[in-house]
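For reference, the structure is listed below as structure tokens.
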Amino acid sequence: KNTHYLLLILTSYSIKRKHCKTHQTNLYFSQLADILNQIKIKINFMEDKFLDAMMFRHACKEFDDSKKISDEDFAQILEIGRLSPSSFGFEPWKFLVIQDTTLRSKLKEIVWGAQGTLPSASHYLIILARKKPSLIHGSDYVEHMLHNIRQLPQEAIDRYHVFYKAFQESDFDLLKNDRYIFDWACRQTYIALANMLTGAAYMGIDSCPVEGFVIDQMNDFVSKELAVDTEEFGVSVMAAFGYRKIEPREKTRQKIEDITTWY
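According to the working numbering, the sequence shown is numbered sequentially starting from 28.
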């Protein structure tokens, strides 16, 4: 949006320069410089705000249950997840929003990592990942994504088939074990998860990713309680969203030089 605005200004300036006298041109250029400076300030502000969001975000273990996220704000968090990137663009995830208190109580019995967040979170999210039947090359789901969602021309789809088959059979060797494709899909759900956590923080909303559960119990839960087809999907990860009850301690991380090597 800023780039389009800048091009509009520059085009307008070019036209003005052809038709204006020197003192008028100088005046216009001065006004243009002010506008460009305002755009630069706005971009810098956005960059600063993103880093502020990263500092703001923490694994909030208990929320203020008197505060609720608005429908509009949580819809935006889900949209951030929906727009996240995925390998080959196949979006191997499904988002389940658990607001029912009875379901949350049942979850609390099997999710040891959400004892404080399940009762207090404004919104609680289970993220599913697709399994081998729907992600193996040539599956109905893959064809649906290529034809109906991506709407690619046939020649592009034919290339996808060749590359995706080779990717699964040899490049990443995903077909030796049914768990391999599921784990590969889970890694992609973490991209969506990270984007939603960061997006929420950018909006001033707290969150907590949750991995503290027994996977077989969770898959049994989503199958029996939520009618999820666990031949197609498995539980990947969960997240709680809300507003912090207490302020967290200061964020700690390793130094950048300890985790980065330049070549």
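Note that the Cβ used here is the ideal one computed from N, Cα and C, for glycine as well. The model shown is predicted, which means the values in this text are computed figures rather than measured ones.
- Item | Cβ-based burial, Lys282 [other Cβ within 10 Å; buried from 16] | Taking the first residue of the sequence shown as position 1, residue 282 is located at position 255. If you draw a 10 Å sphere on the C-beta of Lys282, you find fewer than 16 other C-beta atoms in it, and that means exposed.
- Check Tyr191 in the structure and name its three-state DSSP category. The residue labelled residue 191 in the question sits at position 164 within the sequence shown. The three-state reading of DSSP puts Tyr191 in helix, counting H, G and I together.
- Locate the beta strand (DSSP E) running through Leu123, then write down its first and last residues. Against the sequence shown, residue 123 aligns to sequence position 96. Unbroken beta strand (DSSP E) run through Leu123: Trp120 to Val124.
- By the 10 Å Cβ neighbour count, where 16 or more other Cβ atoms means buried, how is Val241 classified, buried or exposed? Taking the sequence shown and counting its residues from 1, one reaches residue 241 at position 214. With a 10 Å radius around the Cβ and a threshold of 16 neighbouring Cβ atoms, Val241 comes out exposed.
- Same chain, Cβ closer than 6 Å to Phe101, neighbours up to 5 away in sequence not counted: Working through the sequence shown from its first residue, we reach residue 101 at position 74. Correct list, in chain order: His150.
- Residue interval of the beta strand (DSSP E) (run including Pro236): Locating residue 236 in the sequence shown gives position 209, counting from the first residue. Element bounds for Pro236: Asp233 to Val237.
- Message: Under DSSP, the beta strand (DSSP E) around Gly261 begins and ends at which residues?
- Response: Within the sequence shown, numbered from 1, the residue matching residue 261 stands at position 234. It spans Phe260 to Gly269 - the beta strand (DSSP E) in which Gly261 sits, taken as one unbroken run.
- Where Cys87 and Pro236 are concerned, what is the direct C-alpha to C-alpha distance, given to the nearest angstrom? Here residue 87 is taken as the residue at index 60 of the sequence shown, counted from 1. Here residue 236 is taken as the residue at index 209 of the sequence shown, counted from 1. C-alpha separation (whole angstroms): 9 Å.
- 6 Å Cβ shell around Ser147 - same chain, five flanking residues per side excluded: For the purposes of this step, residue 147 is taken as residue 120 along the sequence shown, with counting starting at 1. Answer for Ser147: Glu89, Phe90 and Asp92, listed in chain order.
- Message: In the DSSP assignment, the beta strand (DSSP E) including His150 goes from what residue to what residue?
- Response: Here the question's residue 150 lines up with position 123 in the sequence shown. Note, His150: beta strand (DSSP E), His150 to Arg157.
- Item | Neighbourhood of Phe77 by C-beta distance below 6 Å, restricted to the same chain and skipping five residues each side | Taking the first residue of the sequence shown as 1, we reach residue 77 at position 50. Short of 6 Å from the beta carbon of Phe77, and not among the five residues preceding or following it, lies no beta carbon of its own chain.
- Query: Taking 8 Å as the CB-CB cut-off, is Thr287 touching chain C?
  - Reply: In the structure shown, chain C cannot be found, because there is only a single protein chain.
- Quick one, which of Pro275, Ile154, Asp210 and Val138 has its alpha-carbon nearest Ala221's? Working through the sequence shown from its first residue, we reach residue 221 at position 194. The candidate whose alpha carbon is nearest that of Ala221 is Ile154.
- Item | Opposing strand residues paired with Ala86 [DSSP bridges] | For the purposes of this step, residue 86 is taken as residue 59 along the sequence shown, with counting starting at 1. As DSSP reads the structure, Ala86 sits in a beta bridge with Ser234.
- On a CA-only basis, which of Thr216, Gly165, Phe260 and Gln142 is nearest Ser113? Give me that one, please. Residue numbering aside, residue 113 sits at position 86 when the sequence shown is read from its first letter. Put simply, of Thr216, Gly165, Phe260 and Gln142 the residue whose alpha carbon is nearest the alpha carbon of Ser113 is Thr216.
- Message: Rounding to the nearest angstrom, what Cα-Cα distance links Ile104 and Gln126 in this structure?
- Response: Here residue 104 corresponds to residue number 77 of the sequence shown, with the count starting at 1. Here residue 126 corresponds to residue number 99 of the sequence shown, with the count starting at 1. Cα to Cα, the separation comes out at about 16 Å.
- Helix, strand or coil: which one does DSSP assign to His171? Working through the sequence shown from its first residue, we reach residue 171 at position 144. If DSSP states are grouped into helix, strand and coil, His171 belongs with the helices.
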